[in-house]
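Before any comments, here is the structure.
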Amino acid sequence: MFLLFDIGGTKMRLAVSCDGKSFDEPKIVETPQDFNAGMSLFQKITLELSGGKKINAAAGGIAGPLDREKTKLVNSPNLSGWIDRPLKETLQKILKIPVYLENDAAIVGLGEAMNGAGRGEEIIAYITVSTGIGGARIVDGKIDRNIFGFEPGHQIIDPTGMLCPMCDSAGHLEGHVSGVALEARFNKKAYEITDPQIWEEEAKWLAYGLNNTAVYWSPSVIVLGGSMIIKSPGISIERVSHHLKKTLTIFPERPRLVKAELGDIGGLYGALEILKQNFL
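Reading the sequence shown from the start, the letters are residues 1010 to 1289 in my numbering.
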């Protein structure tokens, strides 16, 4: 039996796999802001899901950049109580098994590459647009090698532009296109905004960011996920593609833009792939 997890800024998802090929119905709970409370809840849910049976290994992701050794969270506006806490060490201590840790957007991207919208592609870029922006580059079915992960939301697209609500630096993509940015500008949640002109502007800014994604990562497909892409009202992929055609002219063809297929459990699919690559 294997444990899969995805620790987001607001929700925590856990599931078990009995065969290393599929997983059972996940348990979804609110993510505690306190690290110790989070670890206690994690242990409780693991026992509940496993029924006390032996678990051989665990893998999963957490929202935010990790240290070089992928053992702890080093920055996260939504999980400030988890920063610099020994996450991997604590999980291995309470579970008494090997634990493989990754950034949450990266494991969702891996899940989409192997089981979702990026199936069959050699190089994909995954970008999620939700409370913030995350993403990763997946090459030959693996998360591309990196030191501190990927943070596409913090690319500068307008140095004189709005402050990024996540890090207070000017001009970041996340400062223009994210749920937090929209709420800061309009005092409304993204799902409450119905003005089509606002969503058109969001599509244009996202296209600027994806232009950079394409020229730096050179994927054949860009998988777009997150609530601001998947849900309605939201950003139209067709309008993003329209704007991208105007900016990305250096290549003979542009990467396809496709909508993510795995919903809220893409990270669990990615976690299972991590185990296949490192343990199974």
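Positions of the beta carbon are idealized from the N, C-alpha and C atoms, including for glycine. From a predicted model like this one, the values you see are computed outputs, not experimental measurements.
Proximity winner among the options, relative to residue i (alpha-carbon distances)
i	options	result
residue 1182	1215, 1091, 1111, 1278	1215
residue 1144	1227, 1019, 1195, 1232	1232
residue 1148	1045, 1161, 1132, 1140	1132
residue 1180	1168, 1190, 1189	1168
residue 1211	1229, 1251, 1225, 1227	1251
residue 1156	1013, 1042, 1022, 1074	1074
residue 1240	1163, 1115, 1138, 1204	1138
residue 1158	1115, 1184, 1166, 1125	1115
residue 1093	1102, 1079, 1126	1079
residue 1295	1237, 1098, 1217, 1108	Because the chain spans 1010 through 1289 in this model, residue 1295 falls outside it and cannot be assessed.
residue 1204	1106, 1244, 1031, 1117	1244
Cβ pair residue i, residue j closer than 8 Å
i	j	result
residue 1096	residue 1110	yes
residue 1113	residue 1017	yes
residue 1072	residue 1088	yes
residue 1280	residue 1076	no
residue 1209	residue 1248	yes
residue 1187	residue 1140	yes
residue 1161	residue 1222	yes
residue 1024	residue 1035	yes
residue 1070	residue 1276	yes
residue 1202	residue 1228	no
residue 1055	residue 1013	no
residue 1136	residue 1219	yes
residue 1039	residue 1053	no
residue 1224	residue 1267	no
residue 1022	residue 1274	yes
residue 1226	residue 1134	yes
residue 1124	residue 1278	yes
Euclidean distance between Cα positions of residue i and residue j
i	j	result
residue 1044	residue 1129	38 Å
residue 1286	residue 1207	42 Å
residue 1264	residue 1258	11 Å
residue 1037	residue 1051	11 Å
residue 1165	residue 1256	16 Å
residue 1237	residue 1058	31 Å
residue 1083	residue 1106	23 Å
residue 1190	residue 1184	5 Å
residue 1049	residue 1213	43 Å
residue 1246	residue 1196	25 Å
residue 1142	residue 1027	33 Å
residue 1122	residue 1163	23 Å
residue 1271	residue 1031	14 Å
Cβ distance (whole Å) where residue i is taken to contact residue j below 8 Å
i	j	result
residue 1269	residue 1234	3 Å
residue 1029	residue 1289	5 Å
residue 1010	residue 1063	6 Å
Local conformation of residue i per DSSP, three classes
i	result
residue 1039	strand
residue 1290	A question about residue 1290 goes unanswered here, because the residues of the chain that appear run from 1010 up to 1289.
residue 1194	helix
residue 1187	coil
residue 1265	strand
residue 1077	coil
residue 1051	helix
residue 1108	strand
residue 1094	coil
residue 1059	helix
residue 1085	coil
residue 1141	coil
residue 1126	coil
residue 1159	coil
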